[in-house]
Structure formats: C-alpha cells, structure tokens
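Enquirer: In my numbering, the protein residues as written are 798 to 1099. First the structure, which I've put down as structure tokens, then a few questions once you've had a look.
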C-alpha cells in the first residue's frame, strides 16, 4: 500500500483530490487513507435534515459563518440526489452556498437515492476529520423522507422545519419528529412561525426547539450555543465516542456491502441469463455456486 502524508490533508487542494478519489472509488480511498483516520474524536459532526424547501442550505451557510466568526474551522458536506443525466451531484458547492467564508470548506457529493447516505459521504467525513476541521456539517438529500443513516454518521442531528409547511401531519408520518436532537424553525420572519414553533414544541417535549431566520441572521447565536451545549454534554458522557464507534461500523458495513455487490455482479455476469428462465430448477444450485464463489474470492482464494 502506498504511504500517504496525512498532514497534507490540511491543504485544501490535497483534501479536494482525496475527496474526489472518494467519490470515484470509496473503497480504494478508505484503504489508502486508513492510517490517517483519527482514534479520538477530533471533529463534531452535525447532521442537517428536513423537508425540501425549508432552507437547509441557507441555514447551513449562515451557521458556517457564525461558527467561523467564533474561530472554528468548519466544513460543509452537501449530499445531493444524483443527476439522472450525468450521475453527479445535481448542484455545485458554490451554487448551493455562495456566501461561505474563504476559510470554510464546502463539497457537494451525490447519493444514489434520497434515503441514503452513501459510503463516499462517510469516507469524506473521515477525511475531513483527519484534515482537522472542528465542525463538519452534513446536509442529507431528500424531500421529507426519514434518513436513518444520518443517525449513524452524526454526533448531533438537527431537523429543520418552517412555517406553512402545509400538512404538518405528513412531517410526523415522515418520522422526522423522532430522529432529531434539536429542532429549528427556519424563516421565523414569517408571522405563522410562532404557530409552528408551539406545534413542534408539543411534539418533541424535552428537546430544544429554536426559531431562526437564516435570511436575516436572527437567533443564530442561540442556535450555536445550544449545539455547543448538547455536544459538550455528549463529550462528557462518552456519547460522542460511542457515536464515533457507530460511524466507523457504518463505514465498514457499507464498504463490505459495496465489495459484495461488486463481486456478485461479476459472478452473475459470467452466467447465461437464459438459465434462469429455461431451467428454474437450477436456481438453488446457481445460488449455492455463487455463494461458494464469493466466499472463495473474499478469502483471497483463486
């Protein structure tokens, strides 16, 4: 394995190259940079999720600026559904967040669907932590679906909502009122924000709910203070270390899934498709043969 200089990840150009490799080949990147992965939590990973149109990107941009003003190094990872034409992320980093401070780092990566956080995102988080960022903010894709993967890769999950969502019952059905550690009502300059605030407070008793306006930068200080309080509590209790273990497990599990899928596709491609139609009685034998072949390949056999 080629040795890499982990200290170079602190340089934005070197980091960008590593992240580009992670997008193209997550497994190779994970292996190549495995010696750079930190043992003790160095970064705080904040997952941002919520229905489409609530202003997640605008809130992240405002949150990044607030954190940078406090002296933190901040990176934002924006997970977009893949473009059906190009296969890449639908929106670019600076299109999504045009007002980021120069000291901050933003990256858009693509996901296969709206309900997943891909391996490339998890590996990217590991690289950003190795690069020394204090905060890594991850925006999930989706239009209101529950994204449980965000629970496994984040130290803290922030659910973003807004007034006039329409049928609030759909938000509850989507399961978002169960996964958040902190709830933010964005666009608080809208008069109906107080109704939404009280509604959410009644649903998530015991969890903080904060009204903000990313556009007018109101209550962002309160939001950052609340985030810091929650993270400090988790560090003291050992919860952040437990979450780090969970994230590494997620990385390993997703890496194995990707490897198995690649091996399975390779094995199936060697078969004649007609066998599944003409001889369905052979399906159990084919499955057994594929299983044996996979075991042999994964164990390093010929």
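From the three backbone atoms N, C-alpha and C, an ideal C-beta is built for every residue, glycine too. What you are looking at is a predicted structure, and each value in this text was computed from that prediction instead of being measured.
Since residue 904 sits in a beta bridge, which residues does DSSP pair it with?
Expert: For residue 904, which the question treats as bridged, DSSP gives the partners 874.
Enquirer: Tell me the DSSP secondary structure of residue 957 in three-state form.
Expert: If DSSP states are grouped into helix, strand and coil, residue 957 belongs with the strands.
Enquirer: Quick check: residue 903 and residue 860, are their CB atoms within less than 9 Å of each other?
Expert: The answer is no: Cβ separation not under 9 Å.
Enquirer: Rounded to whole angstroms, what is the Cα-Cα separation between residue 1054 and residue 918?
Expert: Their Cα atoms are separated by approximately 15 Å.
Enquirer: Taking Cβ to Cβ, would you say residue 974 is nearer than 9 Å to residue 982?
Expert: Cβ atoms of residue 974 and residue 982: not closer than 9 Å.
Enquirer: Going by beta carbon distance, what residues of the same chain come within less than 7 Å of residue 882, once the five residues before and after it are set aside?
Expert: Unreliable positioning characterises residue 882 in this predicted model, as indicated by a pLDDT of 43, which lies under 50. The coordinate reading is nonetheless provided below. Correct list: empty, nothing qualifies.
Enquirer: Quick one: residues in its chain with C-beta nearer than 7 Å to the C-beta of residue 869, no 5 flanking neighbours on either side, listed in chain order?
Expert: Contacts found: 931 and 932.
Enquirer: Under 8 Å, with one C-beta from each stretch per pair, do the stretch 840-851 and the stretch 950-962 reach the 3-pair mark?
Expert: With the cut-off at 8 Å, the stretch 840-851 and the stretch 950-962 touch.
Enquirer: Flag this pair as yes or no: are the beta carbons of residue 853 and residue 936 separated by less than 9 Å?
Expert: Yes.
Enquirer: Would you mind stating whether residue 872 and residue 934 have Cβ atoms separated by less than 9 Å?
Expert: In this structure, residue 934 lies closer than 9 Å to residue 872 by Cβ.
Enquirer: Hey, how far is the Cα of residue 856 from the Cα of residue 850?
Expert: If you take the alpha carbons of residue 856 and residue 850, they lie about 11 Å apart.
Enquirer: To the nearest angstrom, how far is the alpha carbon of residue 1090 from that of residue 1032?
Expert: The straight-line gap from Cα to Cα measures roughly 45 Å.
Enquirer: Given this structure, state the Cα-to-Cα distance separating residue 818 from residue 812, to the nearest angstrom.
Expert: Taking the straight line from one Cα to the other gives about 10 Å.
Enquirer: Residue 1052: which of 1074, 954, 822 and 1088 sits nearest, CA to CA?
Expert: Checking every option, the nearest Cα to that of residue 1052 belongs to 822.
Enquirer: Where residue 1017 and residue 1041 are concerned, what is the direct C-alpha to C-alpha distance, given to the nearest angstrom?
Expert: When rounded, the distance between both Cα atoms is 27 Å.
Enquirer: Could you check the C-alpha separation between residue 900 and residue 1029 for me, to the nearest Å?
Expert: Rounded to whole angstroms, residue 900 to residue 1029 spans 24 Å at the Cα level.
Enquirer: What residue from 1047, 1046 and 958 has the CA that sits closest to residue 1007's CA?
Expert: It is 958 whose Cα lies nearest to the Cα of residue 1007.
Enquirer: Grouping DSSP H, G and I as helix and E and B as strand, with all else coil, what is residue 982?
Expert: In the structure shown, residue 982 sits in a strand (DSSP, three-state: E or B).
Enquirer: So, under 8 Å CB-CB, residue 954 and residue 922 are touching, yes? Tell me the CB distance rounded to an integer number of Å.
Expert: About 14 Å; that fails the 8 Å criterion.
Enquirer: On the three-state DSSP scale, how would you describe residue 846?
Expert: Of the three classes helix, strand and coil, the one that applies to residue 846 here is strand, per DSSP.
Enquirer: Near residue 803, which residues of its chain fall below 8 Å by C-beta distance, leaving aside the five closest residues on each side in sequence?
Expert: For residue 803, where only same-chain residues beyond five positions count, the Cβ hits under 8 Å are 830, 832, 833 and 927.
Enquirer: If you count every other CB in all the chains shown that lies within 10 Å of the CB of residue 1074, and 16 or more means buried, which is it?
Expert: Residue 1074 is exposed by the Cβ-count criterion.
Enquirer: So which of 820, 824, 805 and 836 has the shortest CA-CA distance to residue 1039?
Expert: Taking only the C-alpha atoms, the option nearest residue 1039 is 836.
Enquirer: Is the distance from the Cβ of residue 985 to the Cβ of residue 1021 below 9 Å?
Expert: In this structure, residue 1021 does not lie closer than 9 Å to residue 985 by Cβ.
Enquirer: Look up residue 1015 in the DSSP assignment and give the residues it is bridged to.
Expert: Answer by DSSP bridge pairing, in chain order: 1010.
Enquirer: Between which two residues does the beta strand (DSSP E) holding residue 934 run?
Expert: Start and end: 932-936.
Enquirer: How should residue 1059 be labelled, buried or exposed, when 16 other C-beta atoms within 10 angstroms of its C-beta is the threshold for buried?
Expert: Exposed: under 16 other Cβ atoms inside 10 Å.
Enquirer: Exposed or buried, what is residue 1019 when buried is set at 16 or more other beta-carbons lying within 10 Å of its beta-carbon?
Expert: Exposed.
Enquirer: Residues in its own chain within less than 7 Å of residue 1137 by CB, not counting five upstream and five downstream?
Expert: This structure cannot settle anything about residue 1137, because the visible part of the chain is limited to 798 through 1099.
Enquirer: Which of helix, strand or coil does DSSP assign to residue 951?
Expert: In the structure shown, residue 951 sits in coil (DSSP, three-state: anything other than H, G, I, E or B).
Enquirer: So is residue 1072 buried or exposed if we call it buried at 16+ other beta carbons inside 10 Å?
Expert: Classification for residue 1072: exposed.
Enquirer: Below 8 Å on the Cβ atoms is my contact criterion, and I expect residue 978 with residue 1004 to pass it. Report the Cβ-Cβ distance as a whole number of Å.
Expert: About 7 Å; that satisfies the 8 Å criterion.
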